[in-house]
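Numbering (the working numbering), first residue to last: 3 to 131.
Dropping the structure here:
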């Protein structure tokens, strides 16, 4: 421990300046992060409008399902023991998600398949090192 150099006032000033510079960069990054994220999101939406619309529809259906699950009353203990078929009959009409899903899948499938084909094409066309 005797071989160590003493810390001078100049070392402290340099360290303080480096910390201030680093903090300034961190603060700037935090301020710019939302605009960068939205810019990236907007660019992706312009490049892939159908995928963006499909994602929005699926997200809406999923959110609807989650909200419906959270707001529906929990079944009584005896209802849990019964099968789901009688429970559906007691509920009334069919679930909206079960009605919409068969309509959404045929509309979104061609775009999803096209996107996957393009993605796989770019993977196979790139040279690997």
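Even for Gly, the Cβ is constructed at its ideal location relative to N, Cα and C.
Short of 8 Å in beta carbon distance, which residues of its chain neighbour residue i, apart from the five on each side in sequence? Order them along the chain.
| i | result |
| --- | --- |
| residue 102 | 63 |
| residue 67 | 99 |
Note down, in chain order, each residue of its chain lying with its Cβ closer than 7 Å to the Cβ of residue i, except the 5 sequence neighbours on either side.
| i | result |
| --- | --- |
| residue 71 | none |
| residue 131 | Only weak support is given to the placement of residue 131: the predicted model assigns it a pLDDT of 45, under 50, and the value that follows is read from those uncertain coordinates. Taken in chain order, the list of residues that qualify is empty. |
| residue 47 | 54 |
| residue 35 | none |
Taking the alpha-carbon positions, what's the residue i to residue j distance?
| i | j | result |
| --- | --- | --- |
| residue 127 | residue 120 | 10 Å |
| residue 50 | residue 123 | 16 Å |
| residue 108 | residue 22 | 56 Å |
| residue 37 | residue 25 | 20 Å |
| residue 73 | residue 104 | 24 Å |
| residue 18 | residue 27 | 14 Å |
| residue 65 | residue 11 | 59 Å |
| residue 5 | residue 13 | 17 Å |
Does residue i come out as helix, strand or coil in the three-state DSSP assignment?
| i | result |
| --- | --- |
| residue 124 | helix |
| residue 51 | helix |
| residue 9 | coil |
| residue 37 | helix |
| residue 112 | helix |
| residue 104 | helix |
| residue 192 | Absent from the model: residue 192. The displayed extent of the chain is 3 to 131, so no value can be given. |
| residue 131 | Residue placement at residue 131 is flagged as unreliable, the pLDDT there being 45, under the threshold of 50; the coordinate-derived value follows with that caveat. DSSP places residue 131 in coil when its eight states are reduced to three. |
Would the beta-carbon of residue i fall within 8 Å of that of residue j?
| i | j | result |
| --- | --- | --- |
| residue 110 | residue 44 | no |
| residue 1 | residue 114 | Shown here, the chain extends from 3 to 131; a query on residue 1 therefore has no answer. |
Who are the Cβ neighbours of residue i in its own chain at under 6 Å, not counting the five residues just before and after it?
| i | result |
| --- | --- |
| residue 61 | none |
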